[in-house]
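Reading through the structure tokens given below for one structure.
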Amino acid sequence: MAHDSTRGLYLVFVALLLLLAATVLVAQVDWGVLNVAVALSVAGIKTALIALFFMHLHSERGSVHIYSLVGIFWLPLLLVLIFADYVTRAQVSG
Amino acid sequence: MTMSVAHHFDDVEQQKHAATLGMWVFLASEVLFFGGLLAGYAVYRALYPEGFAAGSRHLDLWLGTLNTAVLLTSSLTVALSVEAIYSGNRRRAGYLLAFTIVLGIAFLTVKGFEYAHKYHEHLVPGAHFQFVDHAEGDAPPQGVELFFSCYFALTGLHAVHMVIGIGLFGVLVFELLREKGNAPSPLRIEVAGLYWHFVDVVWVFLFPLLYLIHVAE
Numbered sequence: 017m018a019h020d021s022t023r024g025l026y027l028v029f030v031a032l033l034l035l036l037a038a039t040v041l042v043a044q045v046d047w048g049v050l051n052v053a054v055a056l057s058v059a060g061i062k063t064a065l066i067a068l069f070f071m072h073l074h075s076e077r078g079s080v081h082i083y084s085l086v087g088i089f090w091l092p093l094l095l096v097l098i099f100a101d102y103v104t105r106a107q108v109s110g
Numbered sequence: 683m684t685m686s687v688a689h690h691f692d693d694v695e696q697q698k699h700a701a702t703l704g705m706w707v708f709l710a711s712e713v714l715f716f717g718g719l720l721a722g723y724a725v726y727r728a729l730y731p732e733g734f735a736a737g738s739r740h741l742d743l744w745l746g747t748l749n750t751a752v753l754l755t756s757s758l759t760v761a762l763s764v765e766a767i768y769s770g771n772r773r774r775a776g777y778l779l780a781f782t783i784v785l786g787i788a789f790l791t792v793k794g795f796e797y798a799h800k801y802h803e804h805l806v807p808g809a810h811f812q813f814v815d816h817a818e819g820d821a822p823p824q825g826v827e828l829f830f831s832c833y834f835a836l837t838g839l840h841a842v843h844m845v846i847g848i849g850l851f852g853v854l855v856f857e858l859l860r861e862k863g864n865a866p867s868p869l870r871i872e873v874a875g876l877y878w879h880f881v882d883v884v885w886v887f888l889f890p891l892l893y894l895i896h897v898a899e
């Protein structure tokens with residue numbers, strides 16, 4: 017059983033390196049706004065792999081799941097509220 | 683590997699849950715610690731897209747990619763070390779953590795070379811900042827200096843976290859590999875590992891945000 021979980025860690029590692037190669041290759045082509053979207057999506061998938069398997073989130077209890085989600089809940093909220101300000105400012109002055 | 687239970691816990695399971703939960707709470711607060719800087723980065727990148735793209739092209743993509751691979755590998759060695767200590771293999775856990783420290787120092791060394799290169803190119807924000815884009819030859823786009831302010835603030839804060847992680851692992855490696863004395867509790871290795879994986883995740887986002895803005899063109 018210990019052997020199986022070690023093998024799983026190596027598989028996750030290979031997946032992470034492939035995702036790294038993918039994100040660098042995709043950035044060589046200019047797709048406008050899509051570049052940021054793809055780059056952040058790949059970073060999100062890498063984060064999910066690291067959190068679920070390296071950080072054992074898949075086998076944790078409920079309250080740990082809640083706190084891990086709290087971490088990624090507040091940051092987008094911060095960004096959305098800041099940009100709600102900046103985007104509307106530009107419209108007023110422009 | 684048997685674990686001792688502190689008197690204020692019912693059992694090993696509850697103690698483990700409390701320790702990992704505590705680290706996750708800390709990491710959630712760390713997300714917002716970096717989040718403030720990231721929000722500043724996002725606002726200025728939205729205001730000065732050309733300046734940020736021009737600044738990003740002056741970073742070394744090859745070194746950035748190499749360092750990302752180094753950090754991902756160090757996360758693997760930490761995960762393997764936690765695996766080893768729970769299956770009672772104290773030496774293997776110690777060697778894997780020692781290798782993690784080597785990888786962490788390798789990352790910081792590459793970062794140091796990048797910083798030195800930026801310093802010689804006058805790309806450190808301040809009185810001596812000077813951005814000469816040889817390809818274009820005309821005035822630099824607005825916001826390039828802000829890009830480098832974000833670059834040094836974000837990578838600097840990340841590097842401080844790595845130094846702390848290397849320090850934590852240094853203590854654990856000493857306790858794991860010394861001839862006398864008890865092995866450290868597997869929980870301490872697991873919780874320090876959670877911190878290291880988080881630092882890795884931060885870099886996973888910093889890499890595309892700093893190095894991969896419009897590489898094409």
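Chains as they are written, first to last, in my numbering: chain Z, 17 to 110; chain U, 683 to 899.
Ideal Cβ placement from N, Cα and C applies to all residues, glycine included.
Residues of the segment 882-894 of chain U that bring their beta carbon within less than 7 angstroms of a beta carbon in chain Z comprise Asp882, Val883, Val886, Phe887, Pro890 and Leu894, in sequence order.
When the Cα atoms are used, Ser79 of chain Z and Phe813 of chain U turn out to be separated by approximately 49 angstroms. Contacts with chain U at 8 angstroms (Cβ-Cβ) do not include Ser75 of chain Z. Here Ser831 of chain U is actually not in contact with Pro868 of chain U; their C-beta atoms are around 42 angstroms apart, not less than 8 angstroms. Rounded to whole angstroms, Ser57 of chain Z and His689 of chain U show a C-alpha spacing of 45 angstroms. When Cβ-Cβ separations below 8 angstroms define contact, Thr63 of chain Z makes contact with chain U.
Under a criterion of Cβ atoms nearer than 7 angstroms, no residue of chain Z is adjacent to Thr837 of chain U; the nearest Cβ is some 16 angstroms distant. The three-state secondary structure of Asp20 of chain Z, taken from DSSP, is helix. Within chain Z, Ala18, Ser21, Thr22 and Leu25 have C-beta atoms less than 8 angstroms from the C-beta of Glu765 of chain U, given in sequence order. Residues of the segment 745-756 of chain U with a Cβ closer than 8 angstroms to any Cβ of chain Z, in chain order: Thr747, Thr750, Ala751, Leu754 and Thr755.
Here Tyr730 of chain U carries a coil assignment [DSSP, helix/strand/coil].
Inter-residue distance for Ala775 of chain U and Ser769 of chain U is about 10 angstroms (C-alpha atoms, whole angstroms). Of all alpha-carbon atoms in U:Ser711, U:Tyr723, U:Ala865 and U:Lys862, the one lying nearest the alpha-carbon of Ala835 of chain U is that of U:Tyr723. If you draw a 10 Å sphere on the C-beta of Val49 of chain Z, you find fewer than 16 other C-beta atoms in it, and that means exposed. Under the DSSP assignment, Gly746 of chain U falls in the alpha helix (DSSP H) whose first and last residues are Leu743 to Tyr768. Within chain U, the residues whose beta carbon sits less than 8 angstroms from that of Leu33 of chain Z are Ala751 and Leu754, listed in sequence order. For the segment 35-49 of chain Z, the beta-carbon criterion of a distance under 7 angstroms to any beta-carbon of chain U is satisfied by Leu36, Thr39, Val40, Ala43, Gln44, Val45 and Asp46.
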